[in-house]
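Trainee: Be aware that the sequence shown starts at 487, since it is given in the numbering used here, and climbs by one per residue.
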Amino acid sequence: MLRNALIAGSFDPITNGHLNIISRAAGMYDSITVGVLVNDKKHSLFSIDERMDIVRHVTGDLPNVKVDSFSGLLADYVNEHRFDAVVRGLRATTDFEYEIQMAQMNARLYRHGTETVFLMADPSFSFISSSLIKEVASYGGDIRGLVPEYVRERLQDKIELRGTGK
Ligand code: COA
Numbered sequence: 487m488l489r490n491a492l493i494a495g496s497f498d499p500i501t502n503g504h505l506n507i508i509s510r511a512a513g514m515y516d517s518i519t520v521g522v523l524v525n526d527k528k529h530s531l532f533s534i535d536e537r538m539d540i541v542r543h544v545t546g547d548l549p550n551v552k553v554d555s556f557s558g559l560l561a562d563y564v565n566e567h568r569f570d571a572v573v574r575g576l577r578a579t580t581d582f583e584y585e586i587q588m589a590q591m592n593a594r595l596y597r598h599g600t601e602t603v604f605l606m607a608d609p610s611f612s613f614i615s616s617s618l619i620k621e622v623a624s625y626g627g628d629i630r631g632l633v634p635e636y637v638r639e640r641l642q643d644k645i646e647l648r649g650t651g652k
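#1: Would you check whether the ligand COA has a heavy atom nearer than 8 Å to the C-beta of residue 600?
#2: Which value, in whole angstroms, describes the spacing of the CA atoms of residue 584 and residue 645?
#3: Using the three-state DSSP reduction, which class does residue 505 fall into: helix, strand or coil?
#4: DSSP on residue 576, reduced to helix/strand/coil?
#5: In the DSSP assignment, find the alpha helix (DSSP H) that holds residue 538 and state where it starts and stops.
#6: From 614, 647, 628 and 627, pick the residue whose C-alpha is nearest to that of residue 505; which is it?
#7: Express the C-alpha separation of residue 581 and residue 588 in angstroms, rounding to a whole number.
#8: Please determine whether the Cβ atom of residue 491 lies at a distance below 8 Å from any heavy atom of the ligand COA.
#9: Pull up the CB-CB distance for residue 633 and residue 501, whole angstroms please, since I reckon it's below 8 Å.
#10: Label residue 434 either buried or exposed according to how many other C-beta atoms from any shown protein chain fall within 10 Å of its C-beta, with 16 as the threshold for buried.
#11: DSSP three-state call for residue 605: helix, strand or coil?
#12: When burial is assigned at 16 or more other CB atoms within 10 Å of the CB, is residue 557 buried or exposed?
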């Protein structure tokens, strides 16, 4: 049976924590779609095109991973594409409270029996979030090993561009 899973998020930018979840899920499912959220409520550092380009670049070695974008309700996107599973990474117990609420609400909205599947974050990445990465990078802190090199370079470009007021 063909099984296709969705990994959704803002990915502003994608971190090694996300990448770890994506590559593990790619070993479990036939096909993984990374769904990049177009979120008007969250001010993004990277545009949707930039975020998708970055995700495509850093997942390029995973042949069963493709990248798409969506807006609006996650459940609508899931129903439209009939994903078998939505995979989420759990970093700490604090994630659990939010995740269980979201999973239970989504379960009511899914129309084709989609399951939410949780993978425990690798402990070496469990403290990472995209905001923390952006904050540390903006003050010149070392983020090597926490994001792919391509992401570090794109962040560097953004920060330099902001410094010049462009
Ligand atoms: N490794 C590292 N960081 C991780 C991570 C992991 N495994 N998992 C989550 N994170 C971090 C992200 O970096 C991000 O950090 P930030 O807040 O500092 O930027 C944070 O956790 C939140 O992740 P994000 O990618 O913004 O996703 P989210 O948890 O907000 O959920 C959706 C994204 C798409 C699942 C959710 O927003 C959604 O469903 N949106 C559509 C609207 C909708 O349907 N709402 C009703 C839901 S019931």
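Note that beta-carbon positions come from the ideal geometry of N, C-alpha and C, so glycine has one too. Just so you know, these numbers come straight off a predicted model, no measurement behind them.
Mentor: Straight from the coordinates:
#1: Position 114 of the sequence shown, counted from the first residue, corresponds to residue 600. Answer for residue 600: no, Cβ out of range of the ligand COA.
#2: For the purposes of this step, residue 584 is taken as residue 98 along the sequence shown, with counting starting at 1. For the purposes of this step, residue 645 is taken as residue 159 along the sequence shown, with counting starting at 1. Between residue 584 and residue 645, the alpha-carbon positions lie close to 31 Å from each other.
#3: Here residue 505 refers to the residue found at position 19 of the sequence shown. If DSSP states are grouped into helix, strand and coil, residue 505 belongs with the helices.
#4: What you label residue 576 is simply residue 90 of the sequence shown in a count that begins at 1. Assigned with DSSP and collapsed to three states, residue 576 falls in strand.
#5: For the purposes of this step, residue 538 is identified with residue 52 of the sequence shown, where counting begins at 1. Residues 534-544.
#6: Taking the sequence shown and counting its residues from 1, the one referred to as residue 505 is at position 19. Comparing Cα positions, the closest option is 614.
#7: As a working mapping, residue 588 is identified with position 102 in the sequence shown. As a working mapping, residue 581 is identified with position 95 in the sequence shown. CA-CA distance, residue 588 to residue 581, rounds to 11 Å.
#8: Looking up residue 491 in the sequence shown gives position 5. Residue 491: no, Cβ never under 8 Å from the ligand COA.
#9: For the purposes of this step, residue 633 is identified with residue 147 of the sequence shown, where counting begins at 1. For the purposes of this step, residue 501 is identified with residue 15 of the sequence shown, where counting begins at 1. Cβ atoms of residue 633 and residue 501 come within 8 Å of each other, at about 5 Å.
#10: The structure shown does not extend to residue 434, since the chain is modelled only from 487 to 652, so the question has no answer here.
#11: To locate residue 605, count along the sequence shown from 1; it is residue 119. In this structure, residue 605 counts as strand in the three-state DSSP scheme.
#12: Reading the sequence shown from its first residue, position 71 is the one you call residue 557. It is exposed - the Cβ of residue 557 has fewer than 16 other Cβ atoms within 10 Å.
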